Amino acid sequence: MSVTSPERPARTQTKRVLLAAPRGYCAGVDRAVVAVEKALETYGAPVYVRKEIVHNKHVVETLRERGAIFVNETDEVPEGSRLVFSAHGVSPAVRASAVARSLDTIDATCPLVTKVHKEAVRFAKDDYDILLIGHTGHEEVEGTAGEAPEHVQIVNSPDEVDQVVVRDPDKVVWISQTTLSVDETMETVRRLREKFPSLQDPPSDDICYATQNRQVAVKKLAPECDLVIVVGSANSSNSVRLVEVALQAGAKASYRVDRKVEIKDEWLEGVTTVGVTSGASVPEILVQDVIAHLADHGFGTVHEVRTATEDLMFSLPRELRAGLKAAGEEPKRPRRESRKELPQA
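First residue of the sequence shown? That's 14 in the working numbering, and the numbers climb one at a time after it.
#1: Along the chain, which unbroken stretches of the alpha helix (DSSP H) at least 4 residues long are found entirely within the segment 127-184?
#2: Find out if the Cβ-Cβ distance for the pair V231, L193 is shorter than 8 Å.
#3: Touching or not, the segment 127-144 and the segment 158-171, by the rule of three or more beta carbon pairs under 8 Å?
#4: Leaving out five residues before and five after C221 in sequence, what residues of the same chain have Cβ atoms less than 6 Å from its Cβ?
#5: Taking C-beta to C-beta, are E323 and A259 nearer than 8 Å?
#6: In three-state terms, what does DSSP make of I298?
#7: Measuring CB atoms only, is the segment 236-248 touching the segment 52-69, in the sense that at least three cross pairs come out at less than 8 Å?
#8: Please state if the CB of S189 and the CB of G147 are separated by a distance shorter than 8 Å.
#9: On the CB-based measure, 16 or more other CB atoms within 10 Å of its CB, does K51 come out buried or exposed?
#10: Considering just the uninterrupted stretch of the beta strand (DSSP E) at W243, what are its terminal residues?
#11: Return the chain-ordered ranges of every beta strand (DSSP E) run that is complete within the segment 43-128 and spans a minimum of 3 residues.
#12: To which residues does DSSP link V30 through a beta bridge?
#13: How many whole angstroms separate the CB atoms of A100 and A81, which I take to be in contact at a CB cut-off of 8 Å?
#14: Is it true that the CB of R29 sits closer than 8 Å to the CB of F312?
#15: Let me confirm a value: R331 is counted as buried when at least 16 other C-beta atoms fall within 10 Å, else exposed. Which label applies?
#16: What's the C-alpha gap between H372 and V49?
#17: Would you kindly work out how many angstroms separate the C-alpha atoms of V229 and D219, rounded to a whole number?
#18: Can you give me the C-alpha to C-alpha distance between D226 and T198, rounded to a whole angstrom?
#19: Is Q166 near D142, with beta carbons less than 8 Å apart?
#20: Could you tell me the distance, in whole angstroms, from the CA atom of D139 to the CA atom of H164?
#21: Rounded to the nearest angstrom, what separates E317 and V253 at their Cα positions?
#22: Should A235 go down as buried or exposed, given a rule of 16 or more other Cβ atoms within 10 Å for buried?
#23: Check E354 in the structure and name its three-state DSSP category.
#24: Rounded C-beta distance between V295 and V241? I'm assuming under 8 Å.
#25: If the criterion is Cβ atoms closer than 8 Å, does the pair T201 and V174 meet it?
#26: Can you tell me where the beta strand (DSSP E) with S267 in it begins and where it stops?
#27: The alpha helix (DSSP H) that contains V195, what's its start and end?
#28: Within a Cβ cutoff of 6 Å, which residues of the same chain sit near T17, ignoring the five residues on either side of it in sequence?
#29: For L145, which residues of its own chain have a beta-carbon under 8 Å away from its beta-carbon, when the five flanking residues on both sides are left out?
#30: Give the straight-line distance between the Cα atoms of V179 and G102, rounded to the nearest whole angstrom.
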């Protein structure tokens, strides 16, 4: 769908930026990052974090400078220390390991990921074969599959459907990683349903609202763009998906960058319209750096292409709220960066 509307002047040769909205931090990322910040403020350094709290280099580097120590597994954490579980969630085995080491844990798992975990537990209890659509090796998939490993099969893509074998074709359900491409996931589901007509759906969408909203915004602006730049880290599933979505929606080219310094001058040669967006774990300052970089290269006009307004907020983790209350601080819901109003495209 083109972003052209009756209110917008016809496209000219003036260099411009179409800035996607929504973009950047989602509620789950916001909550997780603030949880580490508050833990450092309340308890002091070091605070240990299992894996990256969110998949963004800048965020991890900033928190590391403030005293967060990132580890891969709980056995790297000194006994009795404080450990934060990342937004991607963990398996019951990881939780048990933390208990065995007497770790004081703060669970920053995104509530939308927790919802998928509960679905896995529920369907496993009812003895279903659970087809988890997601990427093998991703922390979120490992955590979800770990809830019922004897019941869960991971399906990475539509092309893997032919390899799926279940015990009873009439007792099969699909669930998914929260940060996938909506279109590819639905194609995987379509093929699974062809193979297993009795395939059941999860009770509600597993792909999170933020992932879907960012993909919709990119689909709207991409047909007008010679180039779409996605700000996000290489291990951020939803950021990588945005590049794919932009190309599928009609952008002539699309690249992912962590920071403005990764933008190559040759990308901008002959380009009139650049689309810009960011993954759900990207702070707004990195987007504004990209906008400033583009302005230095003649792309001084910025129009925001908004397809939704997000106002969802999650409370801080229960363990942290209790700690803040004991320290005499009122635990408020996180609310991070405000954004200036931009002309609407």
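Cβ coordinates follow ideal geometry from the N, Cα and C atoms, glycine included. No experiment lies behind these values; they were computed from the predicted model shown.
Answer, in terms of the structure:
#1: 152-158
#2: To locate residue 231, count along the sequence shown from 1; it is residue 218. To locate residue 193, count along the sequence shown from 1; it is residue 180. Not in contact: V231 and L193 (Cβ atoms no closer than 8 Å).
#3: yes
#4: Counting from one through the sequence shown, the residue named residue 221 turns up at place 208. Closer than 6 Å at the Cβ level, and outside the excluded window around C221, lie L125, T191.
#5: Within the sequence shown, residue 323 is the residue found at index 310, counting from 1. Within the sequence shown, residue 259 is the residue found at index 246, counting from 1. Cβ distance not < 8 Å, so E323 and A259 don't count as in contact.
#6: Walking along the sequence shown from the start, residue 298 turns up at place 285. If DSSP states are grouped into helix, strand and coil, I298 belongs with the helices.
#7: yes
#8: Translated into the one-based positions of the sequence shown, residue 147 becomes position 134. Translated into the one-based positions of the sequence shown, residue 189 becomes position 176. Yes, they are a contact pair.
#9: Taking the first residue of the sequence shown as position 1, residue 51 is located at position 38. Result: buried.
#10: Indexing the sequence shown from 1 puts residue 243 at position 230. Reading the sequence as shown, one finds Val at residue 243 and not Trp. Residues 240-244.
#11: 60-63, 81-84, 95-98, 117-120
#12: Counted from its first residue, the sequence shown places residue 30 at position 17. Answer is V287, V315, bridged to V30.
#13: By one-based count along the sequence shown, residue 100 stands at place 87. By one-based count along the sequence shown, residue 81 stands at place 68. Actually they do not touch by this definition, with Cβ atoms about 14 Å apart.
#14: Locating residue 312 in the sequence shown gives position 299, counting from the first residue. Locating residue 29 in the sequence shown gives position 16, counting from the first residue. Against a cut-off of 8 Å, the Cβ pair of R29 and F312 comes out as a contact.
#15: What you label residue 331 is simply residue 318 of the sequence shown in a count that begins at 1. R331 comes out exposed.
#16: This structure gives no information on residue 372, because the portion of the chain shown stretches from 14 to 358.
#17: Here the question's residue 229 lines up with position 216 in the sequence shown. Here the question's residue 219 lines up with position 206 in the sequence shown. The straight-line gap from Cα to Cα measures roughly 16 Å.
#18: As a working note, residue 226 is residue 213 in the sequence shown. As a working note, residue 198 is residue 185 in the sequence shown. Residue identity differs from the one stated: residue 226 is Asn in this sequence, not Asp. Roughly 15 Å separates the two Cα atoms.
#19: Counting from 1 along the sequence shown, the entry for residue 166 is found at position 153. Counting from 1 along the sequence shown, the entry for residue 142 is found at position 129. Contact flag set, yes.
#20: Numbered from its first residue, the sequence shown carries residue 139 at position 126. Numbered from its first residue, the sequence shown carries residue 164 at position 151. Whole-angstrom Cα-Cα distance: 10 Å.
#21: The residue given as residue 317 occupies position 304 in the sequence shown. The residue given as residue 253 occupies position 240 in the sequence shown. In a straight line, the C-alpha of E317 is about 21 Å away from that of V253.
#22: The sequence position of residue 235 within the sequence shown is 222, counting from 1. Burial call: buried.
#23: Locating residue 354 in the sequence shown gives position 341, counting from the first residue. In this prediction, E354 has a pLDDT of 43, which is less than 50 and means its spatial position is unreliable; nothing more can be read from the coordinates.
#24: Position 282 of the sequence shown holds residue 295. Position 228 of the sequence shown holds residue 241. Wrong, their Cβ atoms sit about 15 Å apart, outside the cutoff.
#25: Here the question's residue 201 lines up with position 188 in the sequence shown. Here the question's residue 174 lines up with position 161 in the sequence shown. Yes, these two residues count as a Cβ contact at 8 Å.
#26: As a working mapping, residue 267 is identified with position 254 in the sequence shown. Note, S267: beta strand (DSSP E), 267-270.
#27: Along the sequence shown, read from residue 1 onward, the residue named residue 195 stands at position 182. Counting along the chain, the alpha helix (DSSP H) containing V195 begins and ends at 195-208.
#28: Counting from 1 along the sequence shown, the entry for residue 17 is found at position 4. Any reading at T17 is ruled out, since the residue's pLDDT is 37, under 50, leaving its predicted position unreliable.
#29: Along the sequence shown, one-based indexing puts residue 145 at 132. The answer, listed in chain order, is A133, V154, T157, A158, V165, Q166, I167, V168, W187, I188, S189, Q190.
#30: Translated into positions along the sequence shown, residue 179 becomes position 166. Translated into positions along the sequence shown, residue 102 becomes position 89. Rounded to whole angstroms, V179 to G102 spans 26 Å at the Cα level.
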